[in-house]
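Notes follow the structure.
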Amino acid sequence: METAAATSTGVAELINERIDAMPAGERRAAHTLIANYPLLGLKTVAEFSAQAGVSSPTILRFVNRLGFHNYPDFQARLQDELAAQLQSPHHRNEQPEKDPGAAYPAVDDTLENIRETFRHLGEKQLAQAVGALCNAKGNVYLIGGRFTDPIAQYMAAHMTVIRPHVFHLGGQESGWRDRLLDMGRKDILVVFDIRRYQESLLMLAEKAKGRGVEIVLVTDQWLSPIARAARHVLAGRIAVPSAWDSSAALFVLAETIIREMTRMLEKDSAARIAELEGLR
Numbered sequence: 005m006e007t008a009a010a011t012s013t014g015v016a017e018l019i020n021e022r023i024d025a026m027p028a029g030e031r032r033a034a035h036t037l038i039a040n041y042p043l044l045g046l047k048t049v050a051e052f053s054a055q056a057g058v059s060s061p062t063i064l065r066f067v068n069r070l071g072f073h074n075y076p077d078f079q080a081r082l083q084d085e086l087a088a089q090l091q092s093p094h095h096r097n098e099q100p101e102k103d104p105g106a107a108y109p110a111v112d113d114t115l116e117n118i119r120e121t122f123r124h125l126g127e128k129q130l131a132q133a134v135g136a137l138c139n140a141k142g143n144v145y146l147i148g149g150r151f152t153d154p155i156a157q158y159m160a161a162h163m164t165v166i167r168p169h170v171f172h173l174g175g176q177e178s179g180w181r182d183r184l185l186d187m188g189r190k191d192i193l194v195v196f197d198i199r200r201y202q203e204s205l206l207m208l209a210e211k212a213k214g215r216g217v218e219i220v221l222v223t224d225q226w227l228s229p230i231a232r233a234a235r236h237v238l239a240g241r242i243a244v245p246s247a248w249d250s251s252a253a254l255f256v257l258a259e260t261i262i263r264e265m266t267r268m269l270e271k272d273s274a275a276r277i278a279e280l281e282g283l284r
């Protein structure tokens, strides 16, 4: 088994890679951790097992399956992730560049983020999210945070072409709340949220879930708190040696979703595109 402690892979990414091979008890532990990430993993084994509804030995086997030698090693990784979540742009700007002599040092890091995103993203996980977006009988709403809302808007612009009833939630937060009045059990809300997570997005997602809306979360490798409300969680790598995080992998993930939706809805999307061209 690969030793998790010897890699930079996050715990949530390890879960995505290995969950299909887990027995039922360990899978239950995995789902419970993702829904309460990462804080549940920082509790004692007994507290973790009680919340997951499994035995303490099951928690230890789950941790071992992820590649950790023991529970303290597992918790140390989560503590490192929590510290990374809380880093400010000022703190990140103080980090030394890996290769200060390179002409464009961010390019290699950005490409690595894209590769790592898709290495850890399960095909089944992505297919289920795409299927939900294709098969939604109601409306699909998309929204993002301060730096990720342009991705939500970009994705909504494409989705509008290939399926009906797609809406980007822009503007003031009061407008988002007004939209909640029209949301219901047949609808899907896609939320983009990365570290320095936005409290207003969490509140929107939780209220939408309370109305029966299915939540699709696109987040970073440390997982937005919205994960506890989400039916589908798609995580991408964002860290680069800079004051600013990179959204490139999230853009590629959004384009991948659009491409897969277009393929799955080939007949309907082709008809919509042809009709749209006729209106121009």
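Each residue of the sequence shown is one higher than the last, beginning at 5 in our numbering. From the three backbone atoms N, C-alpha and C, an ideal C-beta is built for every residue, glycine too. Remember, it's a predicted structure, so these values are computed and weren't measured experimentally.
Residues of its chain near residue i, where Cβ-Cβ distance is below 8 Å and the 5 sequence neighbours each way are ignored
i: Gly188; result: Gly142, Arg215, Gly216 and Val217
i: Val165; result: Ser273, Arg276, Ile277 and Leu280
i: Ala39; result: Ala231 and Arg232
i: Asp182; result: none
i: Glu130; result: It is Leu, not Glu, that sits at residue 130 in the sequence shown. Closer than 8 Å at the Cβ level, and outside the excluded window around Leu130, lie Leu238, Thr260, Ile261 and Glu264.
i: Ala2; result: An answer regarding residue 2 cannot be provided, because it is not within the stretch 5 to 284 covered by the chain.
i: Gln157; result: Leu146, Gly148, His172 and Gly174
i: Asp186; result: Asn143
Sequence-distant residues of the same chain with beta carbon closer than 6 Å to residue i, five excluded per side
i: Ala110; result: Val244
i: Arg123; result: none
i: Leu37; result: Leu44 and Gly45
Range covered by the alpha helix (DSSP H) that runs through residue i
i: Leu257; result: Ala252 to Met268
i: His172; result: No alpha helix (DSSP H) holds His172; the beta strand (DSSP E) holding it covers Val170 to His172.
i: Leu221; result: Note, Leu221: premise wrong, no alpha helix (DSSP H); beta strand (DSSP E) at Glu218 to Asp224.
i: Ala56; result: Val49 to Ala56
i: His236; result: Where His236 is concerned, there is no enclosing alpha helix (DSSP H), although the beta strand (DSSP E) it sits in stretches over His236 to Gly240.
i: Gly135; result: Glu127 to Asn139
i: Ala80; result: Tyr75 to Gln89
i: Pro61; result: Ser60 to Arg69
i: Ser178; result: Glu177 to Leu184
i: Asn20; result: Val15 to Arg22
i: Gly29; result: Ala28 to Ala39
i: Thr164; result: Asp153 to Ile166
i: Gly45; result: Counting along the chain, Gly45 falls outside any alpha helix (DSSP H), and DSSP gives it neither H nor E.
C-beta contact flag for residue i and residue j at 7 Å
i: Gly240; j: Phe196; result: no
i: Phe78; j: Phe72; result: yes
i: Leu184; j: Ile219; result: no
i: Gln89; j: Arg199; result: yes
i: Thr121; j: Ala253; result: yes
i: Glu21; j: Gln225; result: no
i: Leu206; j: Pro229; result: yes
i: Val15; j: Arg81; result: yes
Buried or exposed (CB count within 10 angstroms, at least 16 for buried), residue i
i: Trp248; result: exposed
i: Ile277; result: exposed
i: Thr48; result: exposed
i: Asn117; result: buried
i: Leu125; result: buried
i: Glu30; result: buried
i: Ala234; result: buried
i: Gln176; result: exposed
i: Gly3; result: Nothing can be reported for residue 3: it is not among the residues displayed for the chain, which extend from 5 to 284.
i: Ser53; result: buried
i: Pro27; result: exposed
i: Arg284; result: exposed
i: Arg69; result: buried
i: Pro42; result: buried
i: Leu269; result: buried
i: Met5; result: Residue placement at Met5 cannot be trusted, given a pLDDT of 49 that sits under 50; what the coordinates show is reported in the next sentence. Under this definition Met5 is an exposed residue.
Nearest candidate by alpha-carbon position, reference residue i, set the options
i: Val144; options: Leu280, Leu173 and Glu85; result: Leu173
i: Val250; options: Leu86, Glu21 and Asp113; result: The sequence given here places Ser at residue 250; Val does not occur at that position. Nearest of Leu86, Glu21 and Asp113 to Ser250, Cα basis: Asp113.
i: Arg267; options: Asn40, Val15 and Leu137; result: Leu137
i: His169; options: Glu259, Ala140, Glu127 and Leu86; result: Ala140
i: Gln83; options: Leu46, Arg119, Gln91 and Ala54; result: Leu46
i: Leu86; options: Leu227, Ala212 and Val256; result: Leu227
i: Asp191; options: Phe52, Leu146, Glu203 and Gln55; result: Leu146
i: Ala160; options: Ala209, Arg119, Glu203 and Phe255; result: Phe255
i: Tyr201; options: Asn68, Pro27 and Phe151; result: Phe151
i: Trp180; options: Ala212, Ile242, Glu51 and Ile63; result: Ala212
i: Glu127; options: Ser12, His236 and Gly282; result: His236
Where the beta strand (DSSP E) containing residue i begins and where it ends
i: Tyr145; result: Val144 to Gly148
i: Ile244; result: Per the sequence shown, residue 244 should be read as Val rather than Ile. Counting along the chain, Val244 falls outside any beta strand (DSSP E), and DSSP gives it neither H nor E.
i: Phe196; result: Ile192 to Asp197
Sequence-distant residues of the same chain with beta carbon closer than 7 Å to residue i, five excluded per side
i: Ile23; result: Arg31 and Ala34
i: Arg96; result: The pLDDT assigned to Arg96 is 49, lower than 50, so where the model puts this residue is not dependable; a value taken from the coordinates is nonetheless given after this. Result list for Arg96: Ser246 and Ala247, in chain order.
i: Leu64; result: Val49 and Tyr75
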